[in-house]
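Colleague: Would you mind keeping the following structure in view while I ask a few things?
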Amino acid sequence: MTMIEKKLQVWEQQGLINGDQYEAILAFEQGDKQNNNWWLYSLLMLGSAIIGLGIISLIAANWVQIPDSIKLGVDFSCLLALAGVIFWYQHQTKHLISDTLIVAFILLCLASIGLIAQIYHINGRWYHAILLWSMITLPIVLFARHLFVHFLWVSLFINAAVWSSVDLAAGQLRTAMRELPAVLLLAPLLSASLYLLARRIALLHKTSSSFFFWFQISALIALVAIDLIRSGDDTQIFEWRWYLPAWITAALLIGLILSRRSYRPLNKGLLIAAIILLILYYHPDILFTGETRYTFSALDASARTSIWQADDIRAPILTIFILFLYTIHAGNSGYHRTFNLLTFLIGLRFVALYFQAMGGLAATGVGLILSGLMIIGIAWFWYSSRDRLQHWSKELTL
Numbered sequence: 005m006t007m008i009e010k011k012l013q014v015w016e017q018q019g020l021i022n023g024d025q026y027e028a029i030l031a032f033e034q035g036d037k038q039n040n041n042w043w044l045y046s047l048l049m050l051g052s053a054i055i056g057l058g059i060i061s062l063i064a065a066n067w068v069q070i071p072d073s074i075k076l077g078v079d080f081s082c083l084l085a086l087a088g089v090i091f092w093y094q095h096q097t098k099h100l101i102s103d104t105l106i107v108a109f110i111l112l113c114l115a116s117i118g119l120i121a122q123i124y125h126i127n128g129r130w131y132h133a134i135l136l137w138s139m140i141t142l143p144i145v146l147f148a149r150h151l152f153v154h155f156l157w158v159s160l161f162i163n164a165a166v167w168s169s170v171d172l173a174a175g176q177l178r179t180a181m182r183e184l185p186a187v188l189l190l191a192p193l194l195s196a197s198l199y200l201l202a203r204r205i206a207l208l209h210k211t212s213s214s215f216f217f218w219f220q221i222s223a224l225i226a227l228v229a230i231d232l233i234r235s236g237d238d239t240q241i242f243e244w245r246w247y248l249p250a251w252i253t254a255a256l257l258i259g260l261i262l263s264r265r266s267y268r269p270l271n272k273g274l275l276i277a278a279i280i281l282l283i284l285y286y287h288p289d290i291l292f293t294g295e296t297r298y299t300f301s302a303l304d305a306s307a308r309t310s311i312w313q314a315d316d317i318r319a320p321i322l323t324i325f326i327l328f329l330y331t332i333h334a335g336n337s338g339y340h341r342t343f344n345l346l347t348f349l350i351g352l353r354f355v356a357l358y359f360q361a362m363g364g365l366a367a368t369g370v371g372l373i374l375s376g377l378m379i380i381g382i383a384w385f386w387y388s389s390r391d392r393l394q395h396w397s398k399e400l401t402l
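In this note's numbering, the protein residues as written are 5 to 402.
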C-alpha cells in the first residue's frame, strides 16, 4: 500500500472524503505518477548522452586519418537527420522519445562547434563556445516538454553568459580567481532577471523554474563567499569595470521587480533592499573598513579595532539582514520550503558568529556547555517560531 493510499484511507475514515472521492483521487494520483517518471526520462537522456560520447570516442581514435570534408559532411548529415526525426516526432504522442532526441541534437551541436574550431584552428574561451551553442539551440529547446532539457540548457547558458559578460567588461580574463567575486555577484542577478523575463514571455515560460533554481543556488553561494571574504579579512582586488555587468543587471532587475504587478509594494521593497545591500556587500570600501577584530590577522596585532568598526562583525550582521529580507518575501509569497531553509540558515549564522566571537570561551568546559545550550536554544526557537514568523510575514501584506 502506497503512502497516498494510506492517507486516503485515513481521510475516508475521518469522514473528510467519501468512497467516490477516494477512487477519483486515487485514480488521478496513479495517472499523474505514470506521467511523471522523471527518473526514467533522466536515465534515458543520460543513456543517449553516453552513447553520443562513445561514438565521439570511437571517431577520435581514428581522427587523424579522417579527411576534414568527411568530418564536416558526416556531422551535418547527422544534424539534419536528427532534426528531421525530431520534427516528425513532434506530431506524435511520444514526447519522451522526442525530448531524448533533442538532448542528443543539442549535444551534437556543441560537438559541432568544437569540430569547426578544431578544423579551422579557431581559438576562443569555453564560455564563448557555450554562449554560441546556447543561441543556436534555444529554438529547438523550446520544443521540449520535460524539465530536464530546459534545465540542461539553462545551466550551461547561465555559466556562459556570466563568464562572457565579466570577460567583456574586464577586457580579457587573466586569472579567474581575481574576477571570481564579480562572477559570483552577477550570477544571481542575471538568473533572477531572466526568471522574471521568462515569466513574462510565454515562449520562455518553461525555462522559468530552472532560472529560479539557479537564482536561489547562486544567491546563497554569492552570500556565503562574500561573507567569508569580509569576515576573514581576505585581500580582494577590486576594479569597477569587472562589476559593471552586475550593476547594469541589477538596474534591469530592479526595473523588472517594480513593473511586476503580482508583487506587493512590501515585496518589491524587500527585494530591492536585498539587491542593493548585496551590491554594497561586494564593494570593499563603502560599508567596510578593512579592519577585523576576531580573525587571525587581527589577533596578531597589538590593538584590535572596536566591535562597531570590525568587518568580521559587520559581515555576519549584513548576511543575516539580507537573509531576513528575503525570508520575509518568501514567507508572504508562499515559498514554504525556501522560508524554512532561510530561517535555518539565519540561526546557523548566529551560531557561527557566536563561535567566531567567543572562540576562546568555547574552548573551556563552561564555554562548551554555554555553546551547547545556545545551539539548543536556537534550534528550539527556530522550530517553535517559524510558523508565527511566516504568519506575521503574510499579515504584513494585508
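Here a beta-carbon is modelled for each residue, glycine too, at the ideal position from N, C-alpha and C. Given the structure is predicted, the values throughout are model-derived calculations rather than measurements.
Have a look at Leu160 and Trp92 and give me their C-alpha separation to the nearest angstrom.
Modeller: Stepping through the sequence shown from its first residue, residue 160 is reached at position 156. Stepping through the sequence shown from its first residue, residue 92 is reached at position 88. When rounded, the distance between both Cα atoms is 27 Å.
Colleague: Would Pro288 and Gln240 be called neighbours here (beta carbons separated by less than 9 Å)?
Modeller: Within the sequence shown, the letter at position 284 stands for residue 288. Within the sequence shown, the letter at position 236 stands for residue 240. Contact flag set, yes.
Colleague: Which residues in the same chain as Ala334 place their Cβ atom closer than 7 Å to its Cβ, once the five residues preceding and following it in sequence are excluded?
Modeller: Along the sequence shown, read from residue 1 onward, the residue named residue 334 stands at position 330. Hits under 7 Å: Thr342, Phe343 and Leu346.
Colleague: Helix, strand or coil: which one does DSSP assign to Ile290?
Modeller: As a position in the sequence shown, residue 290 is number 286, starting the count at 1. The answer is coil: DSSP assigns Ile290 none of H, G, I, E or B.
Colleague: Mapping DSSP to helix, strand and coil, what is Gln18?
Modeller: In the sequence shown, counting from the first residue as 1, residue 18 sits at position 14. Of the three classes helix, strand and coil, the one that applies to Gln18 here is coil, per DSSP.
Colleague: Where Ile326 and His132 are concerned, what is the direct C-alpha to C-alpha distance, given to the nearest angstrom?
Modeller: Position 322 of the sequence shown, counted from the first residue, corresponds to residue 326. Position 128 of the sequence shown, counted from the first residue, corresponds to residue 132. Distance between the alpha carbons of Ile326 and His132: 33 Å.
Colleague: Roughly how many angstroms lie between the CA atoms of Trp384 and Ile317, to the nearest whole one?
Modeller: Start at 1 with the first residue of the sequence shown, and residue 384 comes out as number 380. Start at 1 with the first residue of the sequence shown, and residue 317 comes out as number 313. So the alpha carbons of these two residues sit roughly 25 Å apart.
Colleague: Put Arg296 into one of helix, strand or coil per three-state DSSP.
Modeller: Here residue 296 corresponds to residue number 292 of the sequence shown, with the count starting at 1. According to the sequence provided, residue 296 is Thr. The question's Arg does not apply to it. Coil, per DSSP.
Colleague: Looking only at its own chain, which residues have a Cβ that is under 6 Å from the Cβ of Ser212, when we skip the five neighbours before and after it?
Modeller: On the sequence shown, residue 212 is found 208 positions in, with the first residue counted as 1. Excluding sequence neighbours, Ser212 sits near Tyr199, Ala202 and Arg203.
Colleague: Could you have a look at Ser212 and say whether DSSP puts it in helix, strand or coil?
Modeller: Taking the first residue of the sequence shown as position 1, residue 212 is located at position 208. Residue state, collapsed to three classes: helix.
Colleague: With a 10 Å radius around its C-beta and 16 neighbouring C-beta atoms as the bar for buried, classify Gly23 as buried or exposed.
Modeller: Position 19 of the sequence shown holds residue 23. So Gly23 counts as exposed.
Colleague: Run the CB neighbour count on Ala307, radius 10 Å, all protein chains shown included, and call it buried at 16 or more, exposed below.
Modeller: Position 303 of the sequence shown, counted from the start, is the residue given in the question as residue 307. At Ala307, the pLDDT of 48 sits below 50, so the modelled position is not reliable and the matter cannot be decided from this model.
Colleague: Suppose you measure from the CA of Leu105 to the CA of Gly51; what does that come to, to the nearest Å?
Modeller: The residue you call residue 105 lines up with position 101 of the sequence shown. The residue you call residue 51 lines up with position 47 of the sequence shown. Cα to Cα, the separation comes out at about 11 Å.
Colleague: Over what stretch of residues does the alpha helix (DSSP H) that includes Pro320 continue unbroken?
Modeller: Taking the sequence shown and counting its residues from 1, the one referred to as residue 320 is at position 316. First-last of the alpha helix (DSSP H) with Pro320: Asp315 to Ser337.
Colleague: Which runs of the alpha helix (DSSP H) spanning at least 4 residues fall entirely within the region 210–274, listed in chain order?
Modeller: Here the runs fully enclosed are 212–235 and 248–263.
Colleague: My output table needs one value for Val354: the three-state DSSP class, helix, strand or coil.
Modeller: The sequence position of residue 354 within the sequence shown is 350, counting from 1. It is worth fixing the name first, because residue 354 is Phe in this sequence and not Val. Three-state DSSP puts Phe354 in a helix.
Colleague: Using CA coordinates, which residue listed in Asp315, Ile279 and Gly259 is at the minimum distance from Ala226?
Modeller: What you label residue 226 is simply residue 222 of the sequence shown in a count that begins at 1. When only C-alpha atoms are compared, the closest one is Ile279.
Colleague: Looking at C-beta atoms only, is the number of pairs between the region 248–255 and the region 168–175 that lie closer than 8 Å three or more?
Modeller: Yes, since at least three Cβ pairs between the region 248–255 and the region 168–175 fall closer than 8 Å, the two stretches touch.
Colleague: Using beta-carbon positions only, say whether Val153 and Ile110 come within less than 9 Å of one another.
Modeller: Numbered from 1 along the sequence shown, position 149 holds the residue referred to as residue 153. Numbered from 1 along the sequence shown, position 106 holds the residue referred to as residue 110. Closer than 9 Å, so yes.
Colleague: Suppose the cutoff is 7 Å on Cβ atoms and the five residues either side in sequence are ignored; what does the same chain contact list for Ile406 look like?
Modeller: Examination of residue 406 is not possible in this model, given that the chain is present from 5 through 402 alone.
Colleague: Should Asn127 be labelled buried (16 or more other beta-carbon atoms within 10 Å of its own) or exposed?
Modeller: On the sequence shown, position 123 is the one that residue 127 refers to. Counting Cβ neighbours within 10 Å, Asn127 comes out exposed, since fewer than 16 surround it.
Colleague: Would you mind stating whether Asp103 and Arg234 have Cβ atoms separated by less than 9 Å?
Modeller: The residue labelled residue 103 in the question sits at position 99 within the sequence shown. The residue labelled residue 234 in the question sits at position 230 within the sequence shown. In this structure, Arg234 does not lie closer than 9 Å to Asp103 by Cβ.
Colleague: Quick one: residues in its chain with C-beta nearer than 7 Å to the C-beta of Ala164, no 5 flanking neighbours on either side, listed in chain order?
Modeller: Taking the sequence shown and counting its residues from 1, the one referred to as residue 164 is at position 160. Counting only Cβ-Cβ distances below 7 Å, and skipping sequence neighbours, we find Tyr131, Ile134, Leu135 and Ser138.
Colleague: Which full runs of the alpha helix (DSSP H) of 4+ residues lie inside the region 61–131, going along the chain?
Modeller: Listed in chain order, they are 72–93 and 99–123.
Colleague: As a quick exercise: from Phe215, Ser222 and Phe155, pick the residue whose alpha carbon is nearest that of Ala186.
Modeller: Position 182 of the sequence shown, counting from 1, holds the residue named residue 186. Looking at the Cα atoms, Ser222 is the closest of the given residues.
Colleague: Applying the 10 Å Cβ sphere with the 16-neighbour rule, what's the burial state of Ala31?
Modeller: Your numbering for residue 31 matches position 27 in the sequence shown. That one is exposed.
Colleague: Have a look at Leu329 and Leu151 and give me their C-alpha separation to the nearest angstrom.
Modeller: Walking along the sequence shown from the start, residue 329 turns up at place 325. Walking along the sequence shown from the start, residue 151 turns up at place 147. One C-alpha to the other measures close to 30 Å.
Colleague: For Arg265, count the other beta carbons within 10 Å of its own beta carbon; 16 or more makes it buried, fewer makes it exposed. Which is it?
Modeller: Your numbering for residue 265 matches position 261 in the sequence shown. Result: exposed.
Colleague: Is the distance from the Cβ of Ile29 to the Cβ of Ala87 below 9 Å?
Modeller: Against the sequence shown, residue 29 aligns to sequence position 25. Against the sequence shown, residue 87 aligns to sequence position 83. Not in contact: Ile29 and Ala87 (Cβ atoms no closer than 9 Å).
Colleague: Run through the region 124–201 for me and flag every whole alpha helix (DSSP H) of 4 or more residues, listed as ranges in chain order.
Modeller: As far as the region 124–201 is concerned, its whole alpha helix (DSSP H) runs of at least 4 residues are 130–145 and 151–174.
Colleague: Expressed to the nearest angstrom, what Euclidean distance is found between the alpha-carbon atoms of Tyr247 and Ile258?
Modeller: Taking the sequence shown and counting its residues from 1, one reaches residue 247 at position 243. Taking the sequence shown and counting its residues from 1, one reaches residue 258 at position 254. One C-alpha to the other measures close to 17 Å.
Colleague: Alpha carbons only, please: which of Val228, Leu47, Pro71 and Ala148 is nearest the one belonging to Gln94?
Modeller: Numbered from 1 along the sequence shown, position 90 holds the residue referred to as residue 94. Nearest C-alpha to Gln94: Ala148.
Colleague: Between the alpha carbons of Trp244 and Ile205, how many angstroms are there, rounded?
Modeller: Position 240 of the sequence shown holds residue 244. Position 201 of the sequence shown holds residue 205. If I take the Cα positions, the gap works out to 32 Å.
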